[in-house]
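Read through the structure below, which is laid out as structure tokens, and then see the notes.
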Amino acid sequence: MVRDRLGIKPFYYYPTADGVLFGSEPKAILANPLADKAIDVDGLRELFVVCARPEQAVWAGMRQVQPGTVVTVGREGIRTTEYWSLCTAEHRDDRATTVRTVRELLNDAVARQLISDVPRGVLLSGGLDSSALTALAAARLRETGEQVRSFSIEFRHQEEDFVPDEWRSTLDAPYARAVASHVESAHRNITLDSSALADPAVRGAVVLARDLPSGLGDSDASLYLLFKAIREHSTVALSGESADEVFAGYRWFDAAAEHGLHTFPWLTVLPPEFVQRTRLLDPDLTAALDLATYLADSFADATAEVVRLQGETDLEFRMRRVSHLHITRLLRTLLDRKDRMSMAVGLEVRVPYCDHRLVEYVYNTPWSLKTFDGREKSLLRAATADTLPRAVVDRVKSHYPTTKNLEYTEAIRMQAADLLETPHHPVFQLYDRDAVTKAVDLPADQVLDPDRFDLEQLLDFAIWLDHYHPRLP
Numbered sequence: 001m002v003r004d005r006l007g008i009k010p011f012y013y014y015p016t017a018d019g020v021l022f023g024s025e026p027k028a029i030l031a032n033p034l035a036d037k038a039i040d041v042d043g044l045r046e047l048f049v050v051c052a053r054p055e056q057a058v059w060a061g062m063r064q065v066q067p068g069t070v071v072t073v074g075r076e077g078i079r080t081t082e083y084w085s086l087c088t089a090e091h092r093d094d095r096a097t098t099v100r101t102v103r104e105l106l107n108d109a110v111a112r113q114l115i116s117d118v119p120r121g122v123l124l125s126g127g128l129d130s131s132a133l134t135a136l137a138a139a140r141l142r143e144t145g146e147q148v149r150s151f152s153i154e155f156r157h158q159e160e161d162f163v164p165d166e167w168r169s170t171l172d173a174p175y176a177r178a179v180a181s182h183v184e185s186a187h188r189n190i191t192l193d194s195s196a197l198a199d200p201a202v203r204g205a206v207v208l209a210r211d212l213p214s215g216l217g218d219s220d221a222s223l224y225l226l227f228k229a230i231r232e233h234s235t236v237a238l239s240g241e242s243a244d245e246v247f248a249g250y251r252w253f254d255a256a257a258e259h260g261l262h263t264f265p266w267l268t269v270l271p272p273e274f275v276q277r278t279r280l281l282d283p284d285l286t287a288a289l290d291l292a293t294y295l296a297d298s299f300a301d302a303t304a305e306v307v308r309l310q311g312e313t314d315l316e317f318r319m320r321r322v323s324h325l326h327i328t329r330l331l332r333t334l335l336d337r338k339d340r341m342s343m344a345v346g347l348e349v350r351v352p353y354c355d356h357r358l359v360e361y362v363y364n365t366p367w368s369l370k371t372f373d374g375r376e377k378s379l380l381r382a383a384t385a386d387t388l389p390r391a392v393v394d395r396v397k398s399h400y401p402t403t404k405n406l407e408y409t410e411a412i413r414m415q416a417a418d419l420l421e422t423p424h425h426p427v428f429q430l431y432d433r434d435a436v437t438k439a440v441d442l443p444a445d446q447v448l449d450p451d452r453f454d455l456e457q458l459l460d461f462a463i464w465l466d467h468y469h470p471r472l473p
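One point on numbering: in full-length UniProt numbering, the residue at position 395 of the sequence shown is 395, and numbering is uninterrupted.
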């Protein structure tokens with residue numbers, strides 16, 4: 001059993017007394033009566049934290065083939081051999097050479113991933129990552145007389161509902177349209193409404209696609225619906241996934257550079273209720289999980305993997321560890337999400353930024369070069385600026401959109417209220433009924449993002465428990 005270098009595609013296996021069960025998703029293994037539908041304690045912990053140990057299969061006895069490894073099963077047992085890892089190496093190129101090399105590697109990655117005998121498209125948000133891909137793909141296809149297809153997403157009533165915040169300061173739509181016009185793509189904007197996002201059938205499809213309670217609120221539902229709509233027009237789509245992890249696109253990179261690295265960097269800027277998703281859990285369960293210790297141990301194990309370059313300054317080594325954590329922890333979780341949502345609707349989503357040559361090169365580029373213009377993703381911006389409208393080049397990063405519509409919040413609140421009326425539902429083995437009641441009693445216009453997030457996660461768990469009937473620890 002062999003898995004790709006970055007973990008783009010999932011691969012699971014389950015040792016048995018007489019051999020091994022394997023599949024690209026847990027459901028393929030769980031369908032066999034030899035597989036025990038049980039969750040161990042660490043598996044349960046992983047469901048309530050953010051990307052601590054993505055190698056965890058959650059299901060007891062099940063394992064993931066790790067990225068860059070070969071798992072061999074024989075009479076003598078199971079043996080794992082590593083054929084690739086993210087290695088430390090000296091970077092000797094100057095700025096101009098580095099920028100030029102990034103452009104060449106990205107150009108080649110896009111060209112390779114455009115090869116297909118079925119309709120292709122590009123996911124376009126109007127951010128730097130997806131816009132650069134769209135521009136490079138458009139140029140490549142233009143050579144053979146083809147027009148690139150691009151797809152973007154927005155929510156109905158988005159302009160009225162949108163409130164700028166520290167995560168999303170601008171709407172995506174104007175920038176996506178500007179790029180589509182600039183590169184002359186055949187562009188489609190997919191508009192989603194609250195009823196579709198809140199539809200229990202959609203939530204169920206998402207949970208079944210992931211084989212786990214999603215825990216990402218409406219983001220998974222919108223991604224699933226976007227992919228489903230794209231599949232009506234294309235069979236293959238290119239995505240900008242992983243550019244932020246590879247090119248240092250998140251603002252918490254700067255936080256780690258300034259304040260040090262003491263835990264997973266994405267946890268340092270998230271509110272506590274997003275870091276440990278336990279506000280509605282049974283208090284005894286919360287205490288038993290001891291997530292703080294689990295996170296600390298996971299962080300220590302992860303950072304111990306990083307090799308320091310001889311002569312590397314403390315700052316450069318710290319930022320190397322930050323990059324390593326993103327590529328080997330956070331990215332794997334996002335890639336798994338992308339693959340599950342897309343394959344559930346028959347869409348193949350390819351990720352040029354995960355080309356291992358590009359990842360290796362940028363990983364070993366010093367922090368001072370990655371941020372030479374004082375902004376996030378300096379190298380990517382410099383390498384692709386000539387292909388894009390100036391407004392897109394200068395745009396501040398905006399995270400994946402989430403709906404702010406109160407109709408959605410009210411629908412989620414009412415679904416949680418209905419769950420409270422279900423006697424003896426197994427979800428209340430995990431969740432505190434009184435805490436859920438208090439959350440449900442809040443009017444929709446008083447439900448803050450963390451409150452809504454908690455209710456969304458509750459509904460995910462309810463569907464998961466109803467479908468899989470796992471044995472809990």
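All C-beta atoms in this analysis are idealised placements derived from N, C-alpha and C, irrespective of residue type, glycine included.
With respect to the alpha helix (DSSP H) encompassing residue i, which residues constitute its N-terminal and C-terminal limits?
i    : result
R140 : 128-142
E258 : 251-259
V246 : 243-247
V41  : 41-46
A96  : 95-113
D301 : 291-303
M319 : 314-325
P26  : 26-30
Which residue or residues does DSSP assign as beta-bridge partners of residue i?
i    : result
Q64  : Y12
E348 : V236
H187 : S150
L21  : Y14
G74  : G77
Y431 : L281
R471 : A38
W59  : I39
T69  : E82
V306 : None, per the DSSP bridge assignment.
V2   : V70
For the beta strand (DSSP E) holding residue i, just list the boundary residues, first then last.
i    : result
R120 : 120-123
I78  : 77-82
Under a Cβ-count criterion, where at least 16 other Cβ atoms within 10 Å of its own Cβ denotes burial, should residue i be classed as buried or exposed?
i    : result
I463 : buried
E46  : buried
D284 : exposed
I29  : buried
I115 : exposed
Q64  : buried
K228 : buried
A201 : exposed
R471 : exposed
E241 : buried
H187 : buried
L124 : buried
Q113 : buried
Y83  : exposed
D18  : exposed
Spell out a yes or no on whether the stretch 97-111 and the stretch 72-85 are touching, meaning 3 or more CB-CB pairs, one atom from each, closer than 8 Å. no
Between the stretch 211-218 and the stretch 341-349, can you find at least three pairs of beta-carbon atoms closer than 8 Å? Contact between the stretch 341-349 and the stretch 211-218 is absent, because fewer than three Cβ pairs lie under 8 Å.
Between the stretch 297-310 and the stretch 78-91, can you find at least three pairs of beta-carbon atoms closer than 8 Å? yes
Note down, one range per segment and in chain order, each beta strand (DSSP E) of at least 3 residues found wholly within the stretch 337-406. 348-350
Do the stretch 395-414 and the stretch 451-461 make contact, defined as three or more Cβ pairs closer than 8 Å? yes
Please give the ranges of any alpha helix (DSSP H) in the stretch 154-218, keeping only runs that are unbroken, at least 4 residues long and fully inside the region. Counting only runs of 4 or more, we get 158-161, 173-183, 194-198, 200-210.
Counting pairs of beta carbons, one from the stretch 122-139 and one from the stretch 382-390, are three or more of them closer than 8 Å? yes
Within the chosen definition, does the stretch 358-369 reach the stretch 118-137 through at least 3 CB pairs nearer than 8 Å? no
For the stretch 257-271 against the stretch 323-339, are there 3 or more C-beta pairs whose distance is under 8 Å? yes
Counting Cβ pairs, one atom from each stretch, are 3 or more of them under 8 Å apart for the stretch 170-179 and the stretch 242-252? By the Cβ criterion, the stretch 170-179 is not in contact with the stretch 242-252, since fewer than three pairs of Cβ atoms, one from each stretch, lie closer than 8 Å.
Does the count of Cβ pairs from the stretch 434-441 and the stretch 1-10 closer than 8 Å reach three? no
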